Amino acid sequence: MSDKVIIFDTTLRDGEQCPGASMNLREKMEVARQLERLNVDVIEAGFPVISDGDFEAVQKIATEIKGPVICGLARCVSKDIDAAGAAIKPAGDRGRIHVFLATSAIHREFKLNKAREEIIRLAVEGVKRAKALCRDVEFSPEDGSRTEPEFLAQVVQAVIEAGATTVNIPDTVGFAVPEQYAALISYLKSNVRAIDDAIISVHCHNDLGLAVANSLAAVKAGARQVEGTINGIGERAGNVALEEVVMALKTRGDYFGGVTTGVNTHEIVKSSRLVSRMSGLMVQRSKAIVGENAFAHSSGIHQDGILKKRETYEIMDPREIGWGETELPLTKHSGRHAVAKRLEHLGYRLSDKELASVFDRFKDIGDKKKFVYDDDLSALVNDSMDDHTEGYALDYIHVASGSSTIPTATVRLKRGTEILQDSSPGNGAVDAAMKAIDRILNQQGNLVEYNVQAVTQGKDALGEVTIKCDFGKGTLVTGKGASTDVIEASARAYLNAVNRILSGKIIAKCVAAETP
Ligand code: KIV
Ligand code: ZN
C-alpha cells in the first residue's frame, strides 16, 4: 500500500454548496490558483451540469491550472457525465470524472425508489460512460457509511470492475464514528476482491464534529485519499477541514505509520484566508491550525515555557503552516510597481485594468491610514472588482445620521458613462444606504446576515463587511466591501451582492435525484 495520502480538495464544489458561499468565476479562479500553490493532488472544480457558470468554471480551471488533477462531479445520468467529460477535457490526462449514486436503504427507498440490482446497474453504466470519456474515474456510493456493508461491497466490486480507479466512501450526513468507519474501510478491504485495483477514498461531513477523527481513522485503516475543503466549509456543519487532516498526518506521523501528503504546508494560512475572503465565511478565532488564536499563548506559564523551548507548548511550528510570513506594510508613498509586486506575492494575478482599480483604492486608503498591510490589500482586491466589470461602482455616498435625525443616505453609482443617484431614509445609516441602492437599481434585498471585521489592528483599520442577502432567487447571495468607513464598506458590500444578482450568474443549486 502506498504511503502517500492523496489530498482531494472539494472547496469549489462541496464547499461552495454552503448557503451564501457561492463564488463568481474570478473568485473561483483565485481559489484554484491558490490550491495549485498549496499543491493539493486533486481539485474538484464543480458540478458542470448544474449551471453554465459551473461548467465555465470547471473548464477554465481545467485549462489554466497545471499540476493537480481536475475533477468534475456528475450524477449517474448521461447528460451529467457528458457535461463533466466536456468540462474537464482541457486538463487532458489530468482530468477526472466523479460519478455518484446513493446506495443506502433510506436513499434507495425514499429518494430513488430503486431496488439494489437497479442501483448496481446504474452505477456500473455511469462508470462505464465516464470511462469512455476519461481514464480517471471516481465513484461515490452516496450515504456510503449508512449503506449495508455487504451491499456496499457488491457495489464497490462492480464499479471497480467497470473501470473506477478511485472508490470514495462518503459519510454524507456525518453519521459515522471513527471506529465504526475504520471498520467499514477494513471490511471493504477484506471483502471486495478487486479492492487493490482502486484507491479507497473518504469524504466526511462534520455534523457530529467527527469529520477529522473519521478521516484519520479511515487513513489508519487503509484509505489513501481524503476529500475535504479548506477551513472545512460545506453544507450544514461542513466537510472535513483539509488543513487539519494534513497537519495531523504530518505532526503525528509516528502514529499514522509515516504516511505523507504532497501539500505545501507553508501555503495553508494563505489558502485559509483566501477561501474565507472569497466565500464570505469567517474562520472561527480558535479554529485549529488557521484560527487567529491557534498559536496565541496568553498564559504567563505558557509564554515562559515557549521562550525557553518552543516545543514545551507548541506541537507544530507556526511558520511551517505559513503564520508570520507577512511583509513590511505599504504606505501611501508606495508606487504602483510596489503594489503590483506585493499583489503578485500574495498570489493575485490581475489584468492591467484590475490593477489600476486596486491601485486607485490603495491610494484612497493610503491617504486615510498610515500603513496598508497585506490583509488590507487582499480586502481591496475583492472590493475593487465591481469597478471594472460590468457591475455598478460606488461613486459617492453621503449619510446623515445621529440620535435626533432620521438617517438618510444619498448614493451615486457609476457604470461606464452612466451615472445614477438617489436618496433614501432608513432604519439606521446602513439600512438607509442599502435602501438608496435598492431605489436606484430597483432591487429589494433582504439582509439575512451582517458581519463587520477589522482587517488589521488599530483605530484606522480597514473594516471589511460581509453580508448575506436574500433576493428571492432561492439562494443567499454574499456581498463584501471594505473601507475605513464602516457605512461605506456596508454600501460596497450590498452593491457587490446586487451586482452579483444583476449579473444573472447566481443560480440556486438544487438538483433532483435524477437517474436515466
Ligand atoms: O457528501 C457526499 O456524499 C458527496 C458526494 C457527492 C461525494 O458530496
Ligand atoms: Zn459531501
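Sequential numbering from 448 applies to the sequence shown in my numbering.
We put the beta carbon where it would ideally sit given N, CA and C, even for glycine.
Remember, it's a predicted structure, so these values are computed and weren't measured experimentally.
For Lys475, the uninterrupted alpha helix (DSSP H) run begins and ends at Leu472 to Leu485, by DSSP.
Leaving aside the five residues that flank Asp654 on each side, the residues in its chain whose CB is nearer than 8 Å to its CB run, in chain order, Val620, Gly621, Phe622, Arg683 and Ala684. Looking at the backbone, the Cα of Thr712 and that of Leu485 are separated by about 7 Å. Taking all protein chains shown into account, Val606 has 16 or more neighbouring C-beta atoms within 10 Å of its C-beta and is therefore buried.
If you draw a straight line from the Cα of Val571 to the Cα of Ala609, it comes to about 6 Å. The Cβ atoms of Thr457 and Glu761 lie no closer than 8 Å to each other. Asn661 is positioned such that its CB atom lies no closer than 8 Å to that of Ala600. In the displayed model, Ile553 falls within a helix according to three-state DSSP. Ile715 has its alpha-carbon roughly 22 Å from the corresponding atom of Leu472. With contacts defined by Cβ atoms closer than 8 Å, Ala629 and Ala665 form a contacting pair.
The beta carbons of Ile453 and Asp501 sit about 23 Å from each other, so the pair does not count as a contact at 8 Å. Gly675 carries a strand assignment under DSSP once its states are collapsed to helix, strand and coil.
Inter-residue distance for Val706 and Thr676 is about 20 Å (C-alpha atoms, whole angstroms). Assignment of Ile762 by DSSP, reduced to helix, strand and coil, places it in the coil class. For Asp654, no alpha helix (DSSP H) segment is defined, and its DSSP state is neither H nor E. Around the beta-carbon of Val659, 16 or more other beta-carbon atoms lie within 10 Å, marking it buried. In the DSSP annotation of this structure, the continuous segment of the beta strand (DSSP E) that includes Gly928 starts and ends at Leu923 to Ser930. A heavy atom of the ligand KIV is found nearer than 7 Å to the CB of Asp461.
Between the stretch 462 to 481 and the stretch 693 to 700 there are fewer than three inter-stretch CB-CB distances shorter than 8 Å, so the stretches are not counted as touching. Going by beta carbons, Thr612 and Ala645 fall inside the 8 Å limit.
Within the DSSP bridge table, the entry for Leu548 names Pro588 as partners.
With respect to the 8 Å criterion, Val584 and Val546 are classified as neighbours on the basis of their beta carbons.
By the Cβ neighbour-count rule, His845 is exposed, with fewer than 16 other Cβ atoms within 10 Å of its own. Cβ-Cβ separation between Val912 and Phe918: approximately 18 Å, too far for a contact (criterion under 8 Å). If you ignore the 5 residues before and after Leu867, its C-beta comes within less than 6 Å of the C-beta of Leu860 and Ile887, all in its own chain and listed in chain order. Rounded to whole angstroms, the Cβ separation of Ala883 and Val858 is 4 Å, and the two are in contact under 8 Å. For Asn686, the shortest C-beta to heavy atom distance toward the ligand ZN is below 7 Å. Counting along the chain, no alpha helix (DSSP H) covers Asp869; the unbroken beta strand (DSSP E) around it starts and ends at Glu865 to Pro872. Shortest Cα-Cα distance from Ala879 to any of Thr852, Glu865 and Gln904 involves Thr852.
Inter-residue distance for Gln891 and Pro466 is about 19 Å (C-alpha atoms, whole angstroms).
Taking a 10 Å sphere around the C-beta of Ile553, we find fewer than 16 other C-beta atoms and assign the residue as exposed. Relative to Ala549, the option among Ala901, Phe494, Asn615 and Arg541 whose CA is nearest is Asn615. Looking at the backbone, the Cα of Asp814 and that of Val895 are separated by about 33 Å.
Inclusion of Ala577 and Ile528 in the CB contact set at 8 Å is warranted, their separation being smaller than that value. Looking at the DSSP output, Asn946 shares a beta bridge with no other residue. Here Ser746 is exposed, its C-beta having fewer than 16 other C-beta atoms within 10 Å.
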